[in-house]
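Each residue of the sequence shown is one higher than the one before, starting from 57 at the first, in my numbering. Just below is one structure, and these are the notes that go with it.
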Amino acid sequence: MWPLIPRKRLDIGWSDILFGMGRCFWPGSRDRVQKRIGDFWSSSSDTVVCLAERSGFELILEALNLPRGSEILISALNIRSMFEVIERHGLVAVPIDLDMSTLAMKREELERAVNKNTKAILSAQLFGSRLPMDDVVEFARQHDLFVFEDCAQSFTGDGYVGHAESDVVMVSFGPIKTCSTIMGGVLRFKEASLAAEVARRQEELPLHSRWNYLVWLIRFAELKTLSSRALYTLVMWLAHHLGVQDKKLNDAIRVFGGQDEVKKFRQKPSYPMLALLERRLKRFETSSIARRNATAETVIERLPPSLRRPGENAPVHNHWIFPVEVSDPVALMKHLRTLGFDSINGYSSFIIPEPPEGFEGFRAAEARSMMENVLYLPVHTGVSKKELIQLAEAVCDFENLYRETPEADHLTPVEPVPSAASEPEHATDGLG
Numbered sequence: 057m058w059p060l061i062p063r064k065r066l067d068i069g070w071s072d073i074l075f076g077m078g079r080c081f082w083p084g085s086r087d088r089v090q091k092r093i094g095d096f097w098s099s100s101s102d103t104v105v106c107l108a109e110r111s112g113f114e115l116i117l118e119a120l121n122l123p124r125g126s127e128i129l130i131s132a133l134n135i136r137s138m139f140e141v142i143e144r145h146g147l148v149a150v151p152i153d154l155d156m157s158t159l160a161m162k163r164e165e166l167e168r169a170v171n172k173n174t175k176a177i178l179s180a181q182l183f184g185s186r187l188p189m190d191d192v193v194e195f196a197r198q199h200d201l202f203v204f205e206d207c208a209q210s211f212t213g214d215g216y217v218g219h220a221e222s223d224v225v226m227v228s229f230g231p232i233k234t235c236s237t238i239m240g241g242v243l244r245f246k247e248a249s250l251a252a253e254v255a256r257r258q259e260e261l262p263l264h265s266r267w268n269y270l271v272w273l274i275r276f277a278e279l280k281t282l283s284s285r286a287l288y289t290l291v292m293w294l295a296h297h298l299g300v301q302d303k304k305l306n307d308a309i310r311v312f313g314g315q316d317e318v319k320k321f322r323q324k325p326s327y328p329m330l331a332l333l334e335r336r337l338k339r340f341e342t343s344s345i346a347r348r349n350a351t352a353e354t355v356i357e358r359l360p361p362s363l364r365r366p367g368e369n370a371p372v373h374n375h376w377i378f379p380v381e382v383s384d385p386v387a388l389m390k391h392l393r394t395l396g397f398d399s400i401n402g403y404s405s406f407i408i409p410e411p412p413e414g415f416e417g418f419r420a421a422e423a424r425s426m427m428e429n430v431l432y433l434p435v436h437t438g439v440s441k442k443e444l445i446q447l448a449e450a451v452c453d454f455e456n457l458y459r460e461t462p463e464a465d466h467l468t469p470v471e472p473v474p475s476a477a478s479e480p481e482h483a484t485d486g487l488g
């Protein structure tokens, strides 16, 4: 059995985990740390640090107090919880199809969807890409819409805190994000008065337990240990033979999943989490993004131009994850596992919801078409250049053979490297 290269690398170091553990026993001041983070990020008067991006999103909707039935135009491809938060507030999420080469919302779809009930627009910067927000802001100002800029996946440490005219910019530092602190989100507001109201509402929430945060730090220390190739291969082998599906493994790193999910993230951040976030932000090295991008380029330059990648034409990219559109993602996933590369197919943590009543024509055809054939490749800095070249060549060979052979069932290996996934998993939290 080949040692299996993990599909993703946790972006949190041992020293960070140990620092966070130590701060769980340290009686520090939440207020002082939050102010320092705010001043470092933008300004303490326009920045709010939350337990999670979604908890901040919920607080913003509460503060805005939009009329029930108001509509929010939202990137059709997003994580499930963002749609759930909108619906929980009695609002309507209208999914807007994307130009998958840039991941920009289609302007013609926006124009077709906007009406007197539309109150806001949420533009998500997806897959580690970052698009200029000028077109979204210009459209929003024409129609008097509140602008959410969702940068959960696009942090690069280059000082970008969102478009100056975005009403709020939301960034996540969750379990597998860049510069992870396992949980945590930062909101930057255009209007300081709204920031103050959101901060006030957050302070009314229960305090997240520092001991619960310690438990998560310990859990991620275990996961980091298990991400070594030998142990990862053993875990996946055991999972396969015990009948454990990918979704169960992915749930292990879902900080706010399970029962009482809403209650879990409706808390204010503890001192240890804030202290670790401050440390990580101030010590973050942009060179890590350069190394990640160089790693991605090693694969990209060897893939055929016909092989499309979501967001391939976006001007800024941190290659947080590496999705590609392939001919048969399930067969290729199994084939790559025989070569020692673990990948995952499907939507991962993303969903494309069914359109709400009255918007039946908004099915996000282009986004759906590509995502049905997406495979996430293990392209990260834990993979050597030689292995990256082997991975790219394996994908190219598979695609060439697939196109030459209409009936491609024989491409699926008889005995793939054992893995947790015996069926394709959709809408799980493996990457989100």
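Don't be surprised by glycine CBs; every beta carbon is placed ideally from N, CA and C.
- Using a C-beta cut-off of 8 Å, the stretch 140-160 makes contact with the stretch 417-434, since at least three inter-stretch Cβ pairs fall below that distance.
- Per DSSP, the continuous alpha helix (DSSP H) segment holding LYS91 begins and ends at 86-97.
- Between PHE418 and VAL150, the CB-CB gap stays under 8 Å.
- Where LYS280 is concerned, the enclosing alpha helix (DSSP H) starts and stops at 266-282.
- An exposed status is given to GLU194, since fewer than 16 other beta-carbon atoms sit within 10 Å of its beta-carbon.
- Of the candidates LEU433, VAL355 and GLY215, the residue whose Cα lies closest to the Cα of GLY402 is LEU433.
- DSSP, reduced to helix, strand and coil, places GLU357 outside both helices and strands of the structure shown, so it counts as coil.
- In this structure LEU166 is buried. Its beta-carbon is surrounded by 16 or more other beta-carbon atoms within 10 angstroms.
- Boundaries cannot be given for PRO59, as no beta strand (DSSP E) includes it and DSSP labels it neither H nor E.
- Contact check between the stretch 99-117 and the stretch 318-332: three or more CB pairs, one atom from each, fall below 8 Å, which counts as touching.
- DSSP, reduced to helix, strand and coil, places ASP102 outside both helices and strands of the structure shown, so it counts as coil.
- Taking 4 residues as the minimum length, the alpha helix (DSSP H) runs contained wholly in the stretch 184-254 are 190-198, in order along the chain.
- Boundaries around LYS175 are those of the beta strand (DSSP E), 174-180, since no alpha helix (DSSP H) includes it.
- Burial check for HIS297: the Cβ neighbour count within 10 Å stays below 16, so the residue is exposed.
- PHE406 is bridged by DSSP to ILE135.
- If you compare the alpha carbons of GLU455, ALA119, ILE130 and GLU460 with that of VAL254, the shortest gap goes to ALA119.
- In the structure shown, LYS324 adopts extended strand secondary structure according to DSSP, grouped into three states.
- Taking 8 Å as the cut-off, the Cβ atoms of ALA331 and VAL89 count as close.
- Distance from the Cα of SER126 is smallest, within the candidate group PRO328, LYS175, GLY213 and SER404, for LYS175.
- If you compare the alpha carbons of LEU243, ALA370 and PRO262 with that of THR103, the shortest gap goes to LEU243.
- In the three-state scheme derived from DSSP, where H, G and I count as helix and E and B as strand, ILE68 is classed as coil.
- In the three-state scheme derived from DSSP, where H, G and I count as helix and E and B as strand, VAL382 is classed as coil.
- Taken atom to atom, the span from the alpha-carbon of ARG144 to that of VAL386 is near 35 Å.
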